[in-house]
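Each residue of the sequence shown is one higher than the one before, starting from 20 at the first, in my numbering.
C-beta atoms are modelled at their ideal positions from N, C-alpha and C, and glycine is treated no differently.
Keep in mind the model is a prediction, meaning the values are calculated, not measured.
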Amino acid sequence: MPQTPHIEKHFTAGDAVRDVVIGMSDGLTVPFALAAGLTGAVAASGIIVTAGLAEIVAGSIAMGLGGYLAARGDADHYASERRREEREVVEKPAAERQEVADVFLAYGLTDQEIAPIVRALEARPKAWVDFMMRFELGLEEPDRRRALRSALTIAGAYVVGGLVPLTPYMLVHDTHRALPLSVGFTLAALLVFGIAKGRFTGVHPVRAGFQTVLVGGLAATAAFALAKLFS
């Protein structure tokens, strides 16, 4: 009887989604807080738009640079730890063999079952180091291109998110009329963003959407309150 092949589908774009979440979340809340905080103190929406665009440019550059440095830091850390493991399998093979055994002992294997695995790894130094990096240190080799990609993703998401609360001020000259529209645009964007994030991460879309609105709304409210306090 023919059997249907077992195919597993796993979500593998976690880093990209994380970068979009970081950029979009800050992009939606920070420019909104700036625009809302200036509303009332500034009558002309053009000034708010100019200030908001300047903040978006500065914020996207800062956020993108932060993402780049974080990804480069992960890559440098991995490379440093790998060099250390490569030295240790040569200089301290007995200690490294015991560390391999400890990993398998934690899974309930016996010494007799572990011994041939240790010998097999010892005969393959690269695989041995790969094993220690993943199972002893819990480190996965980072994508060499991730730093630049992370920077561009975060910066791009920040720009997209930042334009949402500013759009009403571009369309309506009266800042007091533009503010409630900006609130509505921001909350709607948070809802759509949360639903999309839920579909990617496996969380129920409606639940993810309302969670994002709640958390993002609270963050935007807090930022707005601080902006008004110091304006």
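Nearest candidate by alpha-carbon position, reference residue i, set the options
i    : options                   : result
A90  : G56, A114 and A166        : A166
Q117 : V137, E100 and Y126       : V137
E254 : G236, H96, K216 and G65   : Residue 254 is absent from the structure shown; the chain starts at 20 and stops at 250.
A73  : G181, G83 and L190        : G181
A98  : D45, G85 and M152         : M152
V144 : Y177, E110, L128 and A176 : Per the sequence presented here, residue 144 reads as Pro, with Val not at that position. Of Y177, E110, L128 and A176, the residue nearest in Cα terms is E110.
A227 : T240, L237, F212 and A238 : F212
Contact set for residue i: own chain, Cβ-Cβ below 7 Å, skip 5 residues either direction
i    : result
L140 : V119, A146, W147 and F150
E155 : E118 and V122
Spatial neighbours of residue i in its chain, beta-carbon cut-off 8 Å, leaving aside the 5 residues before and after
i   : result
I26 : Confidence in I26 is poor, its pLDDT being 46 and thus under 50, which makes the residue's placement too unreliable to answer from.
Whole-Å CB distance - residue i paired with residue j, under 8 Å assumed
i    : j    : result
G42  : T172 : 7 Å
P50  : G83  : Not confirmed; about 16 Å, so no contact.
Y188 : A81  : That pair is no contact at about 22 Å.
L47  : T205 : 6 Å
G235 : L200 : In fact, because the Cβ distance is near 17 Å, the residues do not count as touching under 8 Å.
A197 : S64  : 6 Å
Same chain only: Cβ atoms within 6 Å of residue i, ignoring 5 sequence neighbours per side
i    : result
S169 : D38, G86 and A90
V36  : F219
Q.
Just to confirm the assignment: which complete alpha helix (DSSP H) runs, minimum length 4, are found wholly within the segment 103-178?
A. If we require 4 residues or more, the alpha helix (DSSP H) runs fully inside the segment 103-178 come out as 112-124, 130-141 and 144-150.
Q. Which ranges does the alpha helix (DSSP H) cover as unbroken runs of at least 4 residues, wholly within the segment 170-231, from first to last along the chain?
A. List check, alpha helix (DSSP H) in window: 194-220.
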